[in-house]
Structures are given as structure tokens and as C-alpha cells.
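*Asks:* Here it is, the structure, as C-alpha cells.
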Amino acid sequence: MKKLLLLLPVTLFLGLVSGAQDIIPAPQNRTLKTDADRLIFTDKITINDPGKHFAEEVEVMQQYFRSALNIELDYTTGKAKKPFITLLQTQQAQSESYSMELGPKGGSISGSAAGVFYGLQSLLQLAQVKGTVISFQSQQITDFPSYSWRGLHLDVCRHFFPVSYVRKYIDLMARHKLNTFHWHLTDDQGWRIEIKKYPELTRKGGWRNRTMVGQYRDNAFDTLRYGGSYTQEEITEIVDYARKRHVTVVPEIEMPGHAVAAISAYPFLGCSGKQIPVEGMWGVFTDVFCAGNDSVFTFLENVLDEVVELFPGEYIHIGGDECPKDSWKTCPKCQLRIRTEKLKDEHELQSYFIRRIEKHLNGKGRKIIGWDEILEGGLAPNAAVMSWRGTEGAIASATQDHPAVLTPGSHCYFDHYQGDPAWEPISIGGMTTLKKVYSFNPLPEGLPEDKKRYILGGQANHWSEYILSEAHMDYMVWPRACALSEALWLSAEKKNEPDFMRRLTPHLLQLQKEGVNLSWSHYRPKYLTNISEHRPGISVTPSTSDKVVLEYIPANLSGLPIKKAVIKPDSLLETCTALGSTYKGKFVSLPGSGQVVFYSGPNYLQKDTLNVNFSLSSGAKIKWITPPASTKADAAVLVDGLTDDRPFYEQRWIRFDTSAVSIELDLGDENLISSVKIGQLNEPHNNIFPATILEVEVSTDGTHFTHLVPTALEATSRNISLRIMNHKARFLRIKASGIKRPGKTSMLFDEISVN
Numbered sequence: 005m006k007k008l009l010l011l012l013p014v015t016l017f018l019g020l021v022s023g024a025q026d027i028i029p030a031p032q033n034r035t036l037k038t039d040a041d042r043l044i045f046t047d048k049i050t051i052n053d054p055g056k057h058f059a060e061e062v063e064v065m066q067q068y069f070r071s072a073l074n075i076e077l078d079y080t081t082g083k084a085k086k087p088f089i090t091l092l093q094t095q096q097a098q099s100e101s102y103s104m105e106l107g108p109k110g111g112s113i114s115g116s117a118a119g120v121f122y123g124l125q126s127l128l129q130l131a132q133v134k135g136t137v138i139s140f141q142s143q144q145i146t147d148f149p150s151y152s153w154r155g156l157h158l159d160v161c162r163h164f165f166p167v168s169y170v171r172k173y174i175d176l177m178a179r180h181k182l183n184t185f186h187w188h189l190t191d192d193q194g195w196r197i198e199i200k201k202y203p204e205l206t207r208k209g210g211w212r213n214r215t216m217v218g219q220y221r222d223n224a225f226d227t228l229r230y231g232g233s234y235t236q237e238e239i240t241e242i243v244d245y246a247r248k249r250h251v252t253v254v255p256e257i258e259m260p261g262h263a264v265a266a267i268s269a270y271p272f273l274g275c276s277g278k279q280i281p282v283e284g285m286w287g288v289f290t291d292v293f294c295a296g297n298d299s300v301f302t303f304l305e306n307v308l309d310e311v312v313e314l315f316p317g318e319y320i321h322i323g324g325d326e327c328p329k330d331s332w333k334t335c336p337k338c339q340l341r342i343r344t345e346k347l348k349d350e351h352e353l354q355s356y357f358i359r360r361i362e363k364h365l366n367g368k369g370r371k372i373i374g375w376d377e378i379l380e381g382g383l384a385p386n387a388a389v390m391s392w393r394g395t396e397g398a399i400a401s402a403t404q405d406h407p408a409v410l411t412p413g414s415h416c417y418f419d420h421y422q423g424d425p426a427w428e429p430i431s432i433g434g435m436t437t438l439k440k441v442y443s444f445n446p447l448p449e450g451l452p453e454d455k456k457r458y459i460l461g462g463q464a465n466h467w468s469e470y471i472l473s474e475a476h477m478d479y480m481v482w483p484r485a486c487a488l489s490e491a492l493w494l495s496a497e498k499k500n501e502p503d504f505m506r507r508l509t510p511h512l513l514q515l516q517k518e519g520v521n522l523s524w525s526h527y528r529p530k531y532l533t534n535i536s537e538h539r540p541g542i543s544v545t546p547s548t549s550d551k552v553v554l555e556y557i558p559a560n561l562s563g564l565p566i567k568k569a570v571i572k573p574d575s576l577l578e579t580c581t582a583l584g585s586t587y588k589g590k591f592v593s594l595p596g597s598g599q600v601v602f603y604s605g606p607n608y609l610q611k612d613t614l615n616v617n618f619s620l621s622s623g624a625k626i627k628w629i630t631p632p633a634s635t636k637a638d639a640a641v642l643v644d645g646l647t648d649d650r651p652f653y654e655q656r657w658i659r660f661d662t663s664a665v666s667i668e669l670d671l672g673d674e675n676l677i678s679s680v681k682i683g684q685l686n687e688p689h690n691n692i693f694p695a696t697i698l699e700v701e702v703s704t705d706g707t708h709f710t711h712l713v714p715t716a717l718e719a720t721s722r723n724i725s726l727r728i729m730n731h732k733a734r735f736l737r738i739k740a741s742g743i744k745r746p747g748k749t750s751m752l753f754d755e756i757s758v759n
């Protein structure tokens with residue numbers, strides 16, 4: 005037998021990624037010529053701009069080429085030494101389109117300023133650098149975007165991000181031909197934009213005295229003063245920085261809801277007039293702008309007058325979402341407004357509020373865009389709708405001949421998990437994978453053909469409740485924003501997911517080299533623990549990576565030094581044998597409980613750890629006495645050896661919509677048992693509650709059962725367990741109950757461990 009391979013460093017498995025660089029988002033039309041015919045430069049690339057039209061674009065691209073590839077763009081407007089790439093200003097039917105031609109003698113990029121800028125972005129991705137030689141494969145490209153609104157949103161209210169990071173964010177947007185930066189500047193948890201007429205907005209409203217930490221269910225807070233804001237000078241600098249990169253900044257000033265920070269600074273803005281603190285909790289709050297107070301409208305109009313001077317774009321986002329009407333229902337001023345304006349109800353009062361703000365902004369030459377709640381009570385005359393609650397808002401807007409931007413939570417919320425939550429940083433919830441983002445189609449199904457022209461495009465949203473750092477924000481955005489860029493650049497029929505994934509790997513390695521903290525979650529292998537001939541093991545199915553390396557670390561039960569072993573399922577059978585394990589196909593048998601570390605993805609850079617704790621019940625047959633909520637529930641997840649905590653929406657939980665649950669287990673053999681433990685969940689805000697009582701009956705024949713009196717019972721929000729005197733059994737009936745909450749409730753269980 006060959007020498008056992010023990011604890012090999014991962015670097016031994018790392019290989020260099022090779023192959024041609026490619027373009028993300030993919031161009032609409034591209035013709036490649038023979039690879040032998042290449043355009044070659046030495047030391048630097050010469051860009052010739054004879055018409056002197058593109059100095060600003062080239063200046064930005066010089067920074068990108070330098071930081072990404074450590075090469076220089078030599079810019080000239082006169083005669084240049086060949087070879088060179090000529091920039092030509094041409095009139096295009098689409099202002100962001102461009103044409104590119106590269107050949108052994110030189111090349112050209114033609115279009116408007118935005119088009120040439122995007123052509124240079126493609127050139128950056130196509131460059132092959134080896135030493136001092138820079139080369140390009142000969143090709144022709146005709147390219148243009150399918151949608152005019154290709155956006156990314158950034159919430160700086162829940163957590164604040166400095167100017168330096170905002171610049172980085174915009175740079176990465178421009179690199180992917182995204183052109184709209186939606187800057188969420190005000191909310192309950194902080195007011196981030198300086199308004200000179202109202203200095204307390206940032207001095208008081210920009211700071212909070214506590215912040216929610218951990219999962220929402222934990223209801224825990226720190227006691228730290230937290231905040232920050234941008235001066236108008238900083239905002240002006242950011243807007244100009246974005247303009248040079250052909251990115252339009254759309255500011256969001258929330259109204260009439262999400263107004264706690266503003267009201268904390270100026271209490272007269274609320275219905276009660278009372279002083280309230282800046283909110284440190286996540287969620288929706290009843291303190292909103294008073295719609296019956298004319299002073300509120302004077303305040304907002306003054307604020308917007310300063311905002312308009314800072315942001316020259318066509319649209320101002322006014323929020324309009326999640327506005328509770330509770331305070332309006334009891335506010336004398338709001339009720340008087342309803343009667344005076346002959347409004348039907350509080351929904352029409354919100355429409356009145358939005359229409360009044362829109363009229364003011366229209367008078368300033370601007371249009372409003374708001375979340376789809378602005379449809380409630382009637383849409384303002386010139387408003388655009390940003391549809392986040394599915395596609396219905398966009399359909400309603402377009403049907404009424406109003407522009408719409410698609411940003412549905414199902415595909416475009418990047419604060420959601422992107423992989424198995426057991427391996428991901430804490431997130432607000434949901435599941436939006438890279439593939440889900442790539443499948444996004446901004447054109448809603450069922451929209452009449454003559455209304456499709458009102459769909460401007462789409463964007464992804466990054467709410468920052470759980471995004472505490474710049475590195476974390478990077479992780480949540482990239483590479484999902486790569487998929488978004490292609491979904492918004494190409495039409496649905498031109499998208500090609502396998503080809504995108506092929507192009508993505510070298511693209512991500514380049515971004516990582518530039519300091520972007522990427523997520524590699526989409527390369528994570530799928531796995532399933534199971535029992536094979538009464539031996540615990542793991543079945544591993546690679547995802548986009550064609551190889552997986554496993555490192556197995558056995559549980560340290562003896563106190564002796566632990567030997568780790570690397571298992572490479574595609575070749576190292578002798579390693580499995582030496583471990584006392586078996587390998588067959590994609591199934592790796594483990595000798596017992598322990599920790600498994602997966603290495604996968606390009607260069608095996610994706611590392612994930614899985615804790616496996618097998619017990620007598622691992623692989624047991626389960627009989628439902630109490631049926632679960634879903635007929636598709638997989639009983640195997642209760643006995644698969646995985647005990648990692650997972651959010652309630654994960655499929656690895658079994659849900660029961662009742663207050664008492666009974667399950668029968670067949671262990672397969674008689675065993676002496678001394679304890680039973682069940683993993684459970686406590687999510688009160690989702691009507692999910694833990695059991696406090698656990699009862700066990702045992703049998704050796706499956707017919708006659710004996711109730712066991714526990715010697716100890718322990719119930720927590722994470723699990724419930726009991727100990728008993730050693731008792732021989734093959735069959736167990738387990739009953740969990742004792743929920744201390746009346747009304748409709750649910751119970752969620754994970755692993756059943758019998759020892």
C-alpha cells in the first residue's frame with residue numbers, strides 16, 4: 005500500500021487558473037478570429053483619441069488598467085507609434101452601445117462617451133498579460149445594453165459606509181457596466197445626508213445609542229453610540245466621481261414612513277410631537293411623518309431643494325414603502341386632512357402625500373420614483389415605480405403607462421443568504437443564489453407587448469442590517485452582482501448560464517487579486533450524510549467545481565492526539581482504506597463522528613466545515629405519528645448526523661403546525677439507550693416555539709411499549725433532552741409538547757440523537 009497521505013496543506017492542491025480572459029457581461033454580438041492572429045503591445049497599450057473626445061474616460065480607465073493589471077494606457081491625441089487602438093466618436097442608436105475591432109495591426113473602439121467607456125471596460129477584461137507583453141485575440145464586437153436602468157442599491161443607514169468604500173462600490177459597478185447607484189440615505193436607524201437648513205438631522209438623527217446584534221429572534225442589543233453622515237462636499241465629490249464612470253446617483257429620502265431618525269431630530273415632524281430616539285432595532289415603526297401638518301411638507305420641500313442641488317439625475321427616490329397608518333388614524337390633523345381633501349381613507353392620504361411631494365419635485369425639473377407601495381391610493385401623475393414585492397407593482401405601473409424598475413425580493417435582494425446558512429455569515433433571511441440572480445428577467449410575464457417599453461430595467465438591493473463591514477458587504481455583493489450585470493445587459497433569450505459560469509471563474513480570481521472579498525458559495529459542493537450498511541458517511545456532489553477535497557478530523561473522544569487525513573474522492577482510495585473508511589463513487593464512509601472540511605471551487609479556495617455527530621439513531625427509520633406540515637418533508641434530516649444550527653426556512657428542519665408532536669424510530673438493532681435529545685427552534689416572531697416536555701416510550705418488538713421515567717430533563721431554545729436509566733430498546737416513541745403559547749403555533753425539529 006502506498007504511503008498514507010496525512011494532513012496535506014491545501015496549497016498542494018492549488019493550481020494556476022489558465023485560459024483566455026473573457027467578458028462579463030457578455031457582449032451581444034462577438035466574432036473571434038484565429039488565436040494566432042493577436043494584437044500585441046509591449047510594456048503599455050497605446051490609445052489614440054484623434055478627436056479629443058474621450059480624455060475623461062481614458063483617465064478613469066488608466067486607473068483601472070494600472071490597479072487591475074499593473075499596465076499603463078498611453079493616451080495620445082496626435083500621431084502614435086503603431087500598433088494603437090483608436091477611439092472614434094460615432095452616433096449610435098443606443099447611447100451606451102459600442103463597436104470594437106481588434107486585429108494584429110491595431111484596433112478601434114467607436115461609440116458615444118458611455119459606449120467607448122464600456123468598450124474600454126471590455127478591453128480591460130480581454131487583456132492577456134505575460135511579463136511585459138500584453139496581447140488581445142483578434143475579434144469584432146458590436147455591443148449594447150438591453151435595459152437602460154442597471155442598478156445597485158446601498159443602504160448606509162443601518163450600517164454606515166465611508167466615502168472610500170462608496171467609491172470602490174461605484175468602481176466595481178462601472179467595471180460591470182452597471183449605471184445606476186441607488187443611495188439609501190435616510191431611514192429609522194440614521195439620517196446620513198447633511199442638510200444645511202436642518203443641522204440636527206445629522207447631528208442628532210445621524211447617531212443612535214444602541215444597535216441590534218445577532219439574529220432578530222435573539223432580541224439583543226449593544227450599547228454603543230453608532231452613526232455617521234456625509235457632508236454636502238463629500239456627496240458632490242461622489243456624484244462627480246460616479247459621473248466620470250457613467251454612473252447616475254439616485255438618492256433616496258424616505259417618506260412618509262421610515263422617518264424615525266428625522267423625527268428624533270425634529271419632533272414636530274411626527275403626529276405626537278414627542279421626542280423619540282433614533283431607532284436601533286430593525287423592522288417597521290409607527291412613528292411616521294405627519295401627513296396633516298403643513299410644516300412637515302415645508303420641511304421636506306426644503307430638504308429636497310438641497311437634495312436637488314446635489315444630485316443632477318432625472319429621478320429622486322422618495323421611498324414610500326412600509327408606512328404604517330396607525331398614527332394617522334388617531335391624529336386629529338391627519339383626519340382633518342382626509343376630510344378636507346375628501347379622501348377615502350389613510351391609503352389615499354398616503355397618495356395625497358406622495359402627489360404633493362411629486363408636484364414640488366416636478367417644479368424643480370425632477371421626477372420621483374418610489375417603492376411599489378406608492379401605488380396604494382392611486383399613483384402620482386408622473387411617478388415611476390420600483391417593484392420589490394414581486395412583479396405586480398411593475399405590471400400595475402406599466403399598465404398605467406408609468407415607468408417601472410424591477411427589484412423583486414425573489415431575485416434581487418442581496419442581503420439574503422446565497423448558500424447554506426450553516427456556512428454563511430448571518431443574514432436577514434431568504435435565499436438568493438447566484439443562479440437565481442442570473443435567471444432574473446426584468447420583463448414580467450403577462451405584460452402586454454405595447455407596455456414593455458415602460459420597463460426601464462432592474463437593480464439589486466443591499467439592506468445592511470446584518471452587513472457590519474466593508475468586507476462583509478463585498479461578500480454579499482460579489483459575485484451576485486456579476487450575474488445581475490449580465491441579466492440586465494443581455495436579453496433573456498441570449499443568456500447562457502453554463503457559459504457565464506465558465507467565464508466567471510477567471511473573472512473572480514482577477515477580482516480577488518484586486519482585493520475584493522468575494523463569496524465562493526456557489527462553488528460549494530452539495531452533500532448528504534447517510535448510512536451505508538450501518539456505517540455513517542457523506543455523499544458529495546460537486547456543484548460548479550469538478551473536484552472536491554475532504555479533510556476528515558475525527559472527534560477527540562480518547563484525549564489522544566488526533567490524526568487528520570485528506571480524502572480526495574477522485575483518486576486517493578488508499579487514504580480512505582487507511583482511515584478505516586470506504587469510498588465508492590461519490591460516497592465517502594467515515595469511521596465515526598468528527599469534522600469534515602470541504603475544499604472546492606477554483607484552486608480549492610472555497611473552504612467549509614461540517615460537524616458530523618452520529619448516534620444510535622443515525623440512519624434510523626422514522627414513522628410519523630404526528631404528520632409534519634409538509635407532505636414532502638424528508639424524515640432523513642432528523643437522523644443524518646448534522647446538528648449545525650440553521651434558520652427556520654432551511655429544508656433541514658421538519659415543521660409541525662401543532663403543539664404536540666409524536667414520532668416513532670426504528671434503530672434497526674437493540675441497543676442500550678441512556679439519553680434522547682432533539683434539536684429545536686425558537687422563533688417567536690414567526691410563531692415557532694420550543695417544546696418544554698419530552699416523553700419517551702421504548703420497545704424491543706415494535707408492539708409493546710414501556711414509558712420511561714427520566715432521571716433528568718433539560719429544555720432550551722436550541723434543544724430538549726432527557727436522561728434515563730440504561731434501557732434496552734430497538735423502537736422508540738418520542739413525544740415533544742409543552743409549548744407555553746396559546747393559539748396557532750408551530751414546532752420545528754432537526755436532529756434526533758439517541759445514545
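Quick note: the sequence shown, position 262, residue 266 per the working numbering, numbers continuous. The beta-carbon is built from N, C-alpha and C at its ideal position, and this holds for glycine as well. Quantities reported herein were computed from a predicted structural model and do not represent experimental measurements.
1. Measure the C-alpha to C-alpha separation of Tyr587 and Ser741 and round it to an integer number of angstroms.
2. Who are the near neighbours of Thr215 in its chain, counting only those whose CB is closer than 6 Å to its CB and skipping five residues on each side?
3. Output needed for Phe735: all residues of its chain with C-beta closer than 6 Å, excluding positions within five of it in sequence on either side, in chain order.
4. From the DSSP output, in three-state form, read off Gly434 for me.
5. Identify which residue in Thr749, Glu453 and Ile51 has its Cα closest to the Cα of Phe660.
6. Closer than 7 Å by C-beta to Ala402: which residues in its own chain qualify, once you throw out the five before and the five after it? Chain order, please.
7. Closest to Leu447 by CA distance: which of His415, Tyr102 and Thr290 is it?
8. Tell me, please, which residues DSSP counts as bridged to Gln132.
9. Could you check how far apart the C-beta atoms of Val133 and Ile75 are, in whole angstroms? I think they sit under 8 Å.
10. Let me know the secondary structure DSSP gives Ser299 once reduced to three states.
11. On the criterion of 16 or more Cβ atoms from any shown chain inside 10 Å, does His794 qualify as buried, or is it exposed?
12. Rounded to whole angstroms, what's the CA-CA distance from Leu494 to Asn465? Just pull it up for me.
13. May I have the straight-line CA-CA distance separating Asp612 from Ser525, to the nearest angstrom?
14. Please classify Leu685 as buried or exposed, where buried requires at least 16 neighbouring CB atoms within 10 angstroms.
15. Between Gln98, Gln96, Tyr79 and Gln95, which lies nearest to Ile89 when the distance is taken from Cα to Cα?
16. Could you tell me the distance, in whole angstroms, from the CA atom of Ser823 to the CA atom of Pro29?
17. For a quick check, are the C-beta atoms of Ala387 and Gly397 less than 9 Å apart?
18. Just reading off the beta strand (DSSP E) that Arg526 is part of, what are its end residues?
19. Looking at C-beta atoms only, is the number of pairs between the segment 295 to 312 and the segment 199 to 218 that lie closer than 8 Å three or more?
20. Which of the three DSSP states, helix, strand or coil, is assigned to Leu717?
21. Starting from Pro255 and walking both ways along the beta strand (DSSP E), at which residues does that stretch end?
22. If you check the beta carbons only, do Arg154 and Lys181 fall under 9 Å apart?
23. In whole angstroms, give me the CA-to-CA distance for Tyr102 and Lys337.
24. In chain order, what residues of the same chain have a beta carbon less than 7 Å from the beta carbon of Lys248, not counting five sequence neighbours either side?
25. In terms of DSSP beta bridges, what is His731 paired with?
26. Between Phe148 and Arg360, what straight-line distance do the alpha-carbon atoms span, to the nearest angstrom?
27. Does the distance from the CB of Val253 to the CB of Phe165 come in under 9 Å?
28. Once DSSP output is grouped into helix, strand and coil, what is the label at Gly23?
29. Measure the alpha-carbon distance for Gln98 versus Gly115 and round it to whole angstroms.
30. Does the distance from the CB of Lys739 to the CB of Val641 come in under 9 Å?
31. Does DSSP put Arg722 in a helix, in a strand, or in coil?
32. In three-state DSSP terms, what is Ile309?
33. Is it the case that the Cβ atoms of Gln404 and Glu377 are separated by a distance below 9 Å?
34. Where in the segment 225 to 255 do unbroken runs of the alpha helix (DSSP H), each at least 4 residues long, occur, reported from the N-terminal end onward?
35. For a minimum of 3 consecutive residues, which ranges assigned as the beta strand (DSSP E) are wholly contained in the segment 139 to 191?
36. Would a C-beta distance cut-off of 9 Å place Met477 and Ser468 closer than the cut-off?
*Replies:* With the given structure in hand:
1. Reading the sequence shown from its first residue, position 583 is the one you call residue 587. Reading the sequence shown from its first residue, position 737 is the one you call residue 741. Any reading at Tyr587 is ruled out, since the residue's pLDDT is 37, under 50, leaving its predicted position unreliable.
2. Residue numbering aside, residue 215 sits at position 211 when the sequence shown is read from its first letter. Within the same chain, Thr215 has close Cβ partners Asp226, Tyr230 and Gly284.
3. Here the question's residue 735 lines up with position 731 in the sequence shown. Same-chain partners within the cutoff: Asp670, Ser703 and Gly706.
4. Numbered from its first residue, the sequence shown carries residue 434 at position 430. Residue state, collapsed to three classes: strand.
5. Along the sequence shown, one-based indexing puts residue 660 at 656. Checked all of Thr749, Glu453 and Ile51; the closest Cα to Phe660 is Thr749.
6. If you number the sequence shown from 1, residue 402 lands on position 398. Cβ neighbours of Ala402 beyond the five flanking positions: Ala408, Leu451, Lys455, Tyr458 and Ile459.
7. Against the sequence shown, residue 447 aligns to sequence position 443. Residue His415 is the option with its Cα nearest to Leu447.
8. As a first step, residue 132 is located in the sequence shown; it is residue number 128 there, counting from the start. Note: Gln132 sits in a beta bridge opposite Ser139.
9. As a working note, residue 133 is residue 129 in the sequence shown. As a working note, residue 75 is residue 71 in the sequence shown. Confirmed, about 6 Å.
10. Position 295 of the sequence shown holds residue 299. Ser299 falls in the helix class under three-state DSSP.
11. Residue coverage of the chain in this structure runs from 5 to 759, which leaves residue 794 outside it and unanswerable.
12. As a working note, residue 494 is residue 490 in the sequence shown. As a working note, residue 465 is residue 461 in the sequence shown. Using only the alpha carbons, I get a separation of about 20 Å.
13. Position 608 of the sequence shown, counted from the first residue, corresponds to residue 612. Position 521 of the sequence shown, counted from the first residue, corresponds to residue 525. Rounded to whole angstroms, Asp612 to Ser525 spans 9 Å at the Cα level.
14. Indexing the sequence shown from 1 puts residue 685 at position 681. Under this definition Leu685 is a buried residue.
15. By 1-based counting over the sequence shown, the position of residue 89 is 85. Of the candidates Gln98, Gln96, Tyr79 and Gln95, the one whose C-alpha sits nearest the C-alpha of Ile89 is Tyr79.
16. As shown, the chain starts at 5 and ends at 759. That puts residue 823 outside it, with no answer to give.
17. In the sequence shown, counting from the first residue as 1, residue 387 sits at position 383. In the sequence shown, counting from the first residue as 1, residue 397 sits at position 393. No; because the gap between Cβ atoms is not below 9 Å, this pair is not in contact.
18. As a first step, residue 526 must be located in the sequence shown, where it is residue number 522. Before going on, a small fix: residue 526 reads as His here, not Arg. No beta strand (DSSP E) holds His526; DSSP gives it neither H nor E.
19. yes
20. Translated into the one-based positions of the sequence shown, residue 717 becomes position 713. The answer is strand: DSSP assigns Leu717 an E or B state.
21. Taking the sequence shown and counting its residues from 1, the one referred to as residue 255 is at position 251. Counting along the chain, the beta strand (DSSP E) containing Pro255 begins and ends at Thr252 to Met259.
22. Your numbering for residue 154 matches position 150 in the sequence shown. Your numbering for residue 181 matches position 177 in the sequence shown. Closer than 9 Å, so yes.
23. On the sequence shown, residue 102 is found 98 positions in, with the first residue counted as 1. On the sequence shown, residue 337 is found 333 positions in, with the first residue counted as 1. Tyr102 and Lys337: Cα-Cα distance of roughly 56 Å.
24. Taking the sequence shown and counting its residues from 1, the one referred to as residue 248 is at position 244. Cβ neighbours of Lys248 beyond the five flanking positions: Glu60 and Val64.
25. Reading the sequence shown from its first residue, position 727 is the one you call residue 731. Paired residue(s): Ile677.
26. The residue given as residue 148 occupies position 144 in the sequence shown. The residue given as residue 360 occupies position 356 in the sequence shown. Looking at the two C-alpha atoms, the distance is approximately 38 Å.
27. Position 249 of the sequence shown holds residue 253. Position 161 of the sequence shown holds residue 165. No. Outside cutoff.
28. As a working note, residue 23 is residue 19 in the sequence shown. For Gly23, the predicted model reports a pLDDT of 32, less than 50, meaning its position is unreliable and no value from the coordinates is stated.
29. The residue you call residue 98 lines up with position 94 of the sequence shown. The residue you call residue 115 lines up with position 111 of the sequence shown. Going by the C-alpha atoms only, they are around 9 Å apart.
30. Here residue 739 is taken as the residue at index 735 of the sequence shown, counted from 1. Here residue 641 is taken as the residue at index 637 of the sequence shown, counted from 1. For Lys739 and Val641, no; Cβs fall outside 9 Å.
31. To locate residue 722, count along the sequence shown from 1; it is residue 718. Arg722 falls in the coil class under three-state DSSP.
32. Locating residue 309 in the sequence shown gives position 305, counting from the first residue. A small correction: the amino acid at residue 309 is Asp; Ile does not occupy that position in the sequence shown. Note: Asp309 maps to helix in three-state DSSP.
33. Here residue 404 is taken as the residue at index 400 of the sequence shown, counted from 1. Here residue 377 is taken as the residue at index 373 of the sequence shown, counted from 1. Their beta carbons are not under 9 Å apart, which means Gln404 does not touch Glu377 by this criterion.
34. 236 to 247
35. 143 to 147, 153 to 159 and 184 to 188
36. Numbered from its first residue, the sequence shown carries residue 477 at position 473. Numbered from its first residue, the sequence shown carries residue 468 at position 464. Contact flag set, yes.
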